[in-house]
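Residue numbers (full-length UniProt numbering): 1 to 210. The beta carbon of each residue, even a glycine, is placed where N, CA and C say it ideally should be. On a predicted model such as this, the values are computed, not experimentally measured, just so you know. Data first, discussion second: the structure below is written as C-alpha cells.
Pasting the structure below:
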C-alpha cells in the first residue's frame, strides 16, 4: 500500500468513526460492554501463554487497569505491575487493586529503557495525538523479546470522548495497524477481529519486540 493509499484509507476510516451518531444509546452501551469483554478475554488468553514476562506496564489505563485479568491468568498473587494514565481518575466502583498507581504521559513514559517484560496498551492509540510517539516509548521500555498486548476499537465503534481529558482522534484498519507496528519493529504473533451484530468492534494484537 502506497502512502497515498494509506492516507485515503485512513481518511475513510476516520469519517466512518466520526459520523456514526449516538442515535441508539442502548446499542452503543451494548457494543461498549461486549468490546470490554472481548478485551478482557484476550488479555487473559495472552497472559496465560506468557505469564513470566515481568514486570507488567499498563499504559494509559484509564480508571480501570487490566491487573485483575493479569493476576488471574499469570497466577502471580502480586505481580510487579505499573499502571498509569495522564490524569488519575478513580471510580468508587473500581477496587483499589484495579486502579492506576501513577500519573504519566504515554508519549513520555517515566520508566527506564528495557525495564518491562509485557506492555498492555488497551484502547489507547485512538486517544493520543501521535501514535508513533507512544509506540516509540513502548518499544523503548520493553525488554528485548518483550511482549506488547495492544487493542484498538473497530471501525464501527462510535466516537467517544470524556472532555477535556480524553479525545477520540481516529480508528485503525488492520492493514494500517500492521504497517504501524512493523515500522516500530514489532512482530505480530496474533491479530484478531471481533464483531457484534455485524459491527466491527475490536482489533486485538499480541506482538513481540524485535
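Query raised in the report: In chain order, which continuous runs of the beta strand (DSSP E) of length 3 or greater are located wholly inside the region 116-143?
Result: Contiguous beta strand (DSSP E) elements confined to the region 116-143 occur at 116-122, taking only those with 3 or more residues.
Query raised in the report: Any beta-carbon of chain B closer than 8 Å to the one on residue 33?
Result: Absence of chain B from the displayed structure is noted, only one protein chain being present.
**Report entry** For residue 83: DSSP bridge partner residues
**Finding:** Here residue 83 refers to the residue found at position 83 of the chain shown. Note: residue 83 sits in a beta bridge opposite 58.
**Report entry** Which listed residue (54, 157, 49) has its alpha carbon closest to that of residue 173
**Finding:** Indexing the chain shown from 1 puts residue 173 at position 173. Out of 54, 157, 49, 157 has the C-alpha closest to the C-alpha of residue 173.
Requested in this report: Kindly identify the DSSP beta-bridge partner or partners of residue 202.
Outcome: Position 202 of the chain shown holds residue 202. DSSP lists 153, 194 as partners of residue 202.
Query raised in the report: Would residue 180 pass as a contact of residue 205 if the rule is Cβ separation under 8 Å?
Result: Residue numbering aside, residue 180 sits at position 180 when the chain shown is read from its first letter. Residue numbering aside, residue 205 sits at position 205 when the chain shown is read from its first letter. Cβ distance not < 8 Å, so residue 180 and residue 205 don't count as in contact.
Query raised in the report: Do you know how far the Cα of residue 48 is from the Cα of residue 75?
Result: Here residue 75 corresponds to residue number 75 of the chain shown, with the count starting at 1. Here residue 48 corresponds to residue number 48 of the chain shown, with the count starting at 1. Cα-Cα distance, rounded: 8 Å.
Query raised in the report: Which value, in whole angstroms, describes the spacing of the CA atoms of residue 29 and residue 36?
Result: Here residue 29 is taken as the residue at index 29 of the chain shown, counted from 1. Here residue 36 is taken as the residue at index 36 of the chain shown, counted from 1. Near 11 Å, if we compare the C-alpha coordinates of residue 36 and residue 29.
Query - Start-to-end residues for the alpha helix (DSSP H) that takes in residue 110 - result: Counting from one through the chain shown, the residue named residue 110 turns up at place 110. Taken as a continuous stretch (DSSP letters only), residue 110 belongs to no alpha helix (DSSP H), as it is neither H nor E.
Query raised in the report: With 16 as the cutoff for other CB atoms within 10 Å, does residue 190 come out buried or exposed?
Result: To locate residue 190, count along the chain shown from 1; it is residue 190. So residue 190 ends up on the exposed side.
Query - C-alpha distance - residue 127 paired with residue 87, whole-angstrom precision - result: Along the chain shown, read from residue 1 onward, the residue named residue 127 stands at position 127. Along the chain shown, read from residue 1 onward, the residue named residue 87 stands at position 87. Each residue's alpha carbon lies about 13 Å from the other.
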